[in-house]
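Reviewing the structure listed below.
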Amino acid sequence: MPEFRFYAELGDFLPPALRGRSFTREVAAHQSAKHVIEALGVPHTEIGLLLINGEPAALNCRLSPADRVAVLPTLHCLPPPACGDSAPSFVADAHLGRLARYLRFAGFDTLWHNAWRDAELVALAAADGRIVLTRDRDLLMHRAVQAGCYVRGEDPLEQLLDVAWRYSLDLQGGNPGRCLECNALLRPVARSEVADLLLPGTLAGFAAFWRCPDCRKVFWRGSHWRRMKASLEVVACRLANARPEAMGRHHGV
Ligand SMILES: [Zn+2]
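Residues 78 to 330 (the numbering used here) are what the sequence shown spells out, left to right.
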């Protein structure tokens, strides 16, 4: 039987008894390495490198009884898949609304709707080459999901740190902000154009305004903006100093 070992945080997906050690598994002739690995609970999107007898191998390869299979996680220094030189874009599942808002605030194209079902998420990701963000590993195992990220943690800022680390996102890169409600790129707008939409105190207290071209919502840099900006700065600072150990990841091998 082939021998398997999963390294670093990939162990989180395994039953406890299989973490941090080698073990054997019966493999049927028709099964690919990907099939066996996902049957053990590890989504293919989380795999950075597959080694068979010490040599890099494709996920769809077939295994022989004497093979030694090592599975390593995705590393943040690898380029984002299918993104070329442009910033990665995302589609987030229904439970990640606050993460989606932070990503939009930082300027990253992030689709999210609380009513989308799995099939819609997968179709949107496939259509635009988006990375699926989810805490549902079954969704990541969907055949049509090319790029995905299992988001760890419950806190949206911890989630943001995880995603930003993995995809080397520059959270303070000066990206134009996006509408927190609908993801469209915000456009600067003259005060006179929004004067009759805002309270007098808001109008008098701020010099610059932005408007969403799609949902028409008006934005300014008030207390909500400052709170989100401060949170983003904290995450960016942690990211600049981040090593996996410092982020609370489980790196025991
Ligand atoms: Zn909008």
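All C-beta atoms, glycine included, are put in the ideal place defined by N, C-alpha and C.
Quick caveat, the model's predicted, so the values are computed rather than measured.
Look at alanine 261: its beta carbon is less than 7 Å from one of the heavy atoms in ligand 1. Look at serine 300 here: in three-state DSSP terms it is helix. If only uninterrupted alpha helix (DSSP H) runs of at least 4 residues are considered, those enclosed by the region 231-316 are 233-243, 268-271 and 277-282. The region 84-97 makes contact with the region 114-126, as at least three CB pairs between them are under 8 Å. The residues Asp170, in chain order, have a CB closer than 6 Å to that of threonine 211 in the same chain once the five nearest residues on each side in sequence are set aside. Apart from the 5 residues on each side of it in sequence, glutamate 103 sits with its Cβ closer than 7 Å to the Cβ of Met78 in its chain, given in chain order. Within its own chain, the residues whose Cβ lies closer than 7 Å to the Cβ of arginine 315, once the five positions on either side in sequence are excluded, are Leu238, listed in chain order. Between leucine 201 and valine 168 a beta carbon distance of about 5 Å is seen, short of the 8 Å cut, so the two are scored as contacting.
Alanine 169 carries a strand assignment under DSSP once its states are collapsed to helix, strand and coil.
Glutamate 258 has its CB nearer than 7 Å to a heavy atom of ligand 1. Annotation: the continuous alpha helix (DSSP H) that includes valine 199 extends over 195-205. Here the alpha carbons of isoleucine 124 and cysteine 226 stand approximately 10 Å from one another. The beta carbons of glycine 184 and glycine 254 sit closer together than 8 Å. Scanning the region 108-133 from its first residue to its last, the whole beta strand (DSSP E) runs of 3-plus residues come out as 124-129.
The criterion of a C-beta distance shorter than 8 Å is satisfied by glutamine 249 and alanine 313. For the pair tryptophan 242 and glycine 88, the Cα-to-Cα distance works out to about 19 Å. In this structure, DSSP gives proline 79 a state outside helix and strand, which the three-state scheme calls coil.
In the displayed model, phenylalanine 185 falls within coil according to three-state DSSP, outside both helix and strand.
The beta-carbon distance between alanine 85 and proline 150, rounded to whole angstroms, is 5 Å. This is short enough to meet the 8 Å contact definition. For a cut-off of 8 Å, the C-beta gap from phenylalanine 296 to leucine 263 is around 6 Å, short enough to register as a contact. In summary, histidine 107 is exposed, with fewer than 16 beta-carbon neighbours lying within 10 Å of its beta-carbon over all protein chains present.
In this structure, serine 109 lies away from glutamate 80, with their beta-carbon atoms at least 8 Å apart.
Of all alpha-carbon atoms in Gly206, Leu140 and Gly282, the one lying nearest the alpha-carbon of isoleucine 129 is that of Leu140. Rounded to the nearest whole angstrom, the C-alpha separation of phenylalanine 286 and alanine 261 is 15 Å. Following the DSSP letters along the chain, one finds leucine 152 in no alpha helix (DSSP H), marked with neither H nor E. In this structure, DSSP gives tyrosine 84 a state outside helix and strand, which the three-state scheme calls coil.
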